[in-house]
């Protein structure tokens, strides 16, 4: 007795379209969720990284008590590279594990004789516009260390509360196109490079000229502009400074190819367009 095999019915066009629509809906829902998850994971990574760097800095200052600030409001710092050199940590890597992070750990003495610590880091490659994957955004890192009017940083250590406290109000960091001087770029952006000297918070009329000699404006990268008042350093042992980023703002130029017959010094072989090219029996 023969049994007839049943023919299997294939998918109709409508069914296939329905499947594609469902897959499209899943993608619309899933992709933003995945992107959001990755962004959240990266943010969590850098939050934990800052905490780890801060802890390492605390250990360093605990071992170097003589480097702690002695007066209320004073801020001292240690560079991440110094922490690596002295064996307190290995290289600090970005979220991709491909590039090292730079930055400082700051310690500030409070009025209660306690200390607070802050880790300010920069991670990831710098793109053509001078942006990095991550830069610390806490209020202390953006306002309390070097930019604008640093809180509590005197140009000389106060031996007693009646001593003068000199500070320099300086510009915030900005970007400079390659092959443009810091001075010209600042002028075009309406930024004054003058450092304003404050004595106990008041403008005393003195102005400090920006030292831009460390900026190589012909090469892209991150540099610093320095200020010094009467050759006195601030308590951290560093001059007042702000960062400038030299970036490449020029599009690649068109490539011109010139062909010669027989040799480099031979006649120029002109071929303006494909249609206007003529055959030649010579080497090109």
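In the numbering used here, the protein residues as written are 35 to 318.
Glycine included, each C-beta is placed from N, C-alpha and C at the ideal position.
Is there a Cβ of chain C sitting closer than 8 Å to that of residue i, yes or no?
i: residue 99; result: Here chain C cannot be found, since the structure has a single protein chain.
In or out: residue i buried (at least 16 other Cβ within 10 Å) or exposed?
i: residue 102; result: exposed
i: residue 132; result: exposed
i: residue 138; result: buried
i: residue 159; result: exposed
i: residue 284; result: exposed
i: residue 173; result: exposed
i: residue 100; result: exposed
i: residue 56; result: exposed
i: residue 224; result: exposed
i: residue 221; result: exposed
According to the Cβ coordinates, are residue i and residue j closer than 8 Å?
i: residue 83; j: residue 155; result: yes
i: residue 29; j: residue 276; result: Lying before the first or after the last residue shown, residue 29 is absent from the chain, which here runs from 35 to 318.
i: residue 157; j: residue 175; result: no
i: residue 118; j: residue 140; result: no
i: residue 153; j: residue 87; result: yes
i: residue 245; j: residue 263; result: no
i: residue 208; j: residue 278; result: yes
Excluding the 5 residues preceding and the 5 following residue i in the sequence, name in chain order all residues of the same chain whose CB lies nearer than 7 Å to its CB.
i: residue 254; result: 212, 280, 281, 282
i: residue 237; result: 230
i: residue 150; result: 142, 144
Starting from residue i, follow the beta strand (DSSP E) in both directions and report where the run begins and ends.
i: residue 112; result: 109-113
i: residue 236; result: 236-242
i: residue 281; result: 274-281
i: residue 103; result: It is not in any beta strand (DSSP E) - residue 103 carries neither H nor E in the DSSP assignment.
What span of residues does the alpha helix (DSSP H) with residue i cover, start to end?
i: residue 302; result: Where residue 302 is concerned, there is no enclosing alpha helix (DSSP H), given that its DSSP letter is neither H nor E.
i: residue 221; result: 216-222
So, for residue i: in the same chain, excluding its five sequence neighbours on each side, which residues have a beta-carbon less than 8 Å away from its beta-carbon?
i: residue 251; result: 210, 212, 213, 214, 215, 216, 280
If you draw a straight line from the alpha carbon of residue i to that of residue j, how long is it in whole angstroms?
i: residue 54; j: residue 161; result: 38 Å
i: residue 227; j: residue 105; result: 30 Å
i: residue 51; j: residue 74; result: 35 Å
i: residue 242; j: residue 123; result: 38 Å
i: residue 233; j: residue 274; result: 15 Å
i: residue 92; j: residue 111; result: 11 Å
i: residue 186; j: residue 128; result: For residue 186, the predicted model reports a pLDDT of 45, less than 50, meaning its position is unreliable; a value from the coordinates is still stated below. When rounded, the distance between both Cα atoms is 31 Å.
i: residue 126; j: residue 94; result: 16 Å
i: residue 90; j: residue 171; result: 20 Å
i: residue 114; j: residue 58; result: 47 Å
i: residue 164; j: residue 76; result: 20 Å
i: residue 256; j: residue 203; result: 21 Å
So, for residue i: in the same chain, excluding its five sequence neighbours on each side, which residues have a beta-carbon less than 6 Å away from its beta-carbon?
i: residue 79; result: 129
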